[in-house]
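Shown next, in structure tokens, is the structure this report addresses.
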Amino acid sequence: MATVETAAHNDTHVDNGGSWEGGSQPFKASYGKLMMWYFLVSDAFTFAGFLIAYGALRFSMPTWPVPDFVFSTTPFDGHGLPLVFVTVMTFILLASSFTMVRAVQEGHEENKRGVVKWMVLTIIGGLMFLGCQAWEWNKLIGEEHMSITQDPFGTHTEAGVYLAGDGHYVNEGDTFKAGESYLVHKHDGEWAPLDYKVTEGADAGMIKSQSLGPKAFGALFFFITGFHGFHVFSGIVIMLIVTINAATGLYSKRKNGYEMIEKVGLYWHFVDLVWVFVFLLFYLL
Amino acid sequence: MAHLTYEESKKSAVKIIIILGIITIAEVLFALLGKGYLKEGIEFPPALMGGVMILMSIVKAYLIIFEFMHMKYEAPGLAKTVLLPMFLLVWGVIAFSWEGSDWFKRRDLIKTSNERPVNDVKVGSVYDPTTAENMG
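Read top to bottom, the protein sequences are chains A and B. This note's numbering puts the first residue of the first sequence at 5, with every later residue one more than the last. This note's numbering puts the first residue of the second sequence at 6, with every later residue one more than the last.
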């Protein structure tokens with residue numbers, strides 16, 4: 005008799021919303037959305053670990069490649085244009101974040117055509133970003149011979165004058181100041197550093213040879229931008245899946261304002277957010 | 006979302022993306038100006054450059070999280086559980102920048118130690134880097 009009473013007692017309290025009785029959503033968010041947020045928290049710490057390692061290693065080196073020199077080329081033979089290409093990449097990613105916001109808004113309106121249209125635009129933005137990154141990596145690996153163990157971008161610590169030219173951008177007799185960066189070329193698989201004469205400081209008059217830059221630069225660049233690029237890639241795959249699902253009418257049947265688009269949107273904005281800090285640390289500072 | 010009508014949220018998204026674009030252009034122009042690419046002879050101290058750039062990036066991060074990701078409209082508890090752990094990173098950044106500059110000093114010390122002739126070492130003596138150069 006007592007047990008029956010207890011059961012009846014519980015039943016009347018189901019809709020009370022008491023914290024221990026189930027049926028209510030913590031933080032007024034669905035399970036999927038809440039877990040997406042917590043996944044992003046953990047992912048933020050992973051990226052922060054990488055970026056903090058970058059900072060610590062950079063502080064520990066006497067010289068570091070100057071980003072305005074390393075990232076100063078654009079497609080179609082653009083040279084000496086610091087930050088231009090990577091700014092274009094940043095705008096592509098920002099634009100795709102905007103189209104994602106619009107897709108989520110159309111989803112709240114239960115407008116299937118609108119969702120699919122803006123999702124397709126977002127996917128195109130992601131693909132454009134990946135294309136730009138592929139071009140940048142190809143140039144760094146194929147033409148400038150940067151790898152995870154070797155960094156051809158060095159920085160002068162003294163002022164001097166070159167004793168030889170490289171046949172491209174440096175001529176014999178060109179002078180340079182301390183803090184200027186250079187690219188060591190490779191000829192027939194061998195590094196071909198240029199000789200120079202020091203003109204100022206304690207070593208004035210000595211003849212020295214260009215040395216390679218800090219090894220950590222290549223490894224950090226490829227791992228961090230690679231990890232971000234992998235996030236972009238998986239974002240595109242997930243967006244393709246949910247766009248097809250949206251187009252077939254799966255989400256309109258659920259009648260929850262296309263919540264799946266909202267969850268994927270959180271992930272996509274996070275990828276954009278990480279890029280803000282990758283852009284800051286690798287290219288701006 | 007429930008706080009804005011469809012038209013209002015559409016307008017707000019356009020506004021936010023324009024602000025984000027303007028901040029990005031300002032960052033790039035400031036970086037180029039501060040390093041003397043736009044005008045000869047002008048150079049800002051690195052601390053000013055870093056400070057302004059980090060500040061602008063944090064504003065961008067705020068706009069993306071609160072506007073695009075709708076953190077503004079989430080329950081306060083959700084926002085706290087997501088954002089408060091991020092303050093651990095303030096410790097991380099300070100601690101590891103400190104550590105990094107210490108590695109830098111240590112590298113110098115190891116270099117001078119390695120260049121020192123072996124017969125300078127007396128058994129049981131304490132190595133003092135400040136007098137190491139006088140010995141050479």
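For every residue, glycine included, the Cβ atom is placed at its ideal position computed from N, Cα and C.
Item, Value
"D170 (chain A) versus P156 (chain A): straight-line alpha-carbon distance, rounded", "14 Å"
"Buried versus exposed, by CB contacts within 10 Å (16 or more), I268 (chain A)", "Contrary to the premise, residue 268 (chain A) reads as Val rather than Ile in this sequence. Counting Cβ neighbours within 10 Å, V268 (chain A) comes out buried, since at least 16 surround it."
"Alpha-carbon spacing of D47 (chain A) relative to F89 (chain A), whole angstroms", "27 Å"
"Status (buried if at least 16 other CB within 10 Å, exposed otherwise) for V74 (chain A)", "buried"
"Between the CA atoms of T179 (chain A) and A168 (chain A) - distance to the nearest angstrom", "11 Å"
"Per-residue burial, V188 (chain A) [other beta carbons within 10 Å of its own, 16 or more giving buried]", "buried"
"Cutoff 8 Å: V18 (chain A) Cβ touching any chain B Cβ", "Legend: pLDDT at V18 (chain A) = 48, less than 50; position of this residue unreliable, value from coordinates given subsequently. False, the Cβ-Cβ gap to chain B never drops below 8 Å."
"Proximity below 8 Å, CB of Q137 (chain A) to CB of T50 (chain A)", "no"
"Three-state secondary structure assigned by DSSP to D199 (chain A)", "strand"
"Beta carbon proximity, N139 (chain B) to chain A, threshold 8 Å", "Note on N139 (chain B): pLDDT 49, under 50, position unreliable in the model; no value is reported."
"When A:T78, A:G183, A:L87, A:I265 are compared against E162 (chain A), the one with the closest alpha-carbon", "A:G183"
"At least three beta-carbon pairs within less than 8 Å, the segment 130-146 of chain A to the segment 226-246 of chain A", "yes"
"4 or more residues per run - each alpha helix (DSSP H) lying fully within the segment 97-145 of chain A", "116-142"
"Residues that DSSP places opposite V165 (chain A) in a beta bridge", "A:T179, A:K201"
"8 Å Cβ cutoff, S185 (chain A) in contact with chain B", "no"
"Residue closest to D192 (chain A), alpha-carbon to alpha-carbon, out of A:E176, A:E147, A:G209", "A:E147"
"Contact set for L38 (chain B): own chain, Cβ-Cβ below 8 Å, skip 5 residues either direction", "K44, I47, F49"
"Three-state secondary structure (DSSP) of T29 (chain B)", "helix"
"The segment 201-215 of chain A in contact with the segment 100-114 of chain A per 3-pair CB rule at 8 Å", "no"
"Three-way DSSP call (helix, strand, coil) for K44 (chain B) in this model", "coil"
"Exposure of A206 (chain A), with buried meaning 16 or more beta-carbon neighbours within 10 Å", "exposed"
"Short-range partners of chain B found in the segment 101-112 of chain A, where Cβ spacing is below 7 Å", "S101, F102, V105, R106, Q109, H112"
"Beta-carbon contacts of K219 (chain A) that lie in its chain and below 8 Å, excluding the five residues immediately before and after", "T153, Q154, D155"
"Span of the alpha helix (DSSP H) around G253 (chain A)", "Unbroken run through G253 (chain A): none, as it is neither H nor E."
"Same chain, Cβ closer than 6 Å to L144 (chain A), neighbours up to 5 away in sequence not counted", "M150"
"Where the alpha helix (DSSP H) through Y58 (chain A) begins and ends", "35-63"
"First and last residue of the uninterrupted alpha helix (DSSP H) at H273 (chain A)", "263-282"
"Cutoff 8 Å: V45 (chain A) Cβ touching any chain B Cβ", "yes"
"DSSP bridge partner residues for L85 (chain A) (one or two, in chain order)", "L85 (chain A) pairs with nothing; no bridge assigned."
"When A:E263, A:S64, A:R62 are compared against V246 (chain A), the one with the closest alpha-carbon", "A:E263"
"Neighbour flag for F73 (chain B) against chain A, beta carbons, 8 Å", "yes"
"DSSP three-state assignment for V10 (chain B), whether helix, strand or coil", "Looking at the sequence itself, residue 10 (chain B) is Thr, so the reference to Val does not match. Correct three-state label for T10 (chain B): coil."
"Per-residue DSSP class, three states only, for H149 (chain A)", "coil"
"Minimum Cβ-Cβ distance from T247 (chain A) to chain B less than 8 Å", "no"
"Reduced DSSP secondary structure (H/G/I, E/B, other) of Y186 (chain A)", "strand"
"Residue span of the beta strand (DSSP E) that contains F73 (chain A), given as start and end", "No beta strand (DSSP E) contains F73 (chain A), which is instead part of the alpha helix (DSSP H) from 71-74."
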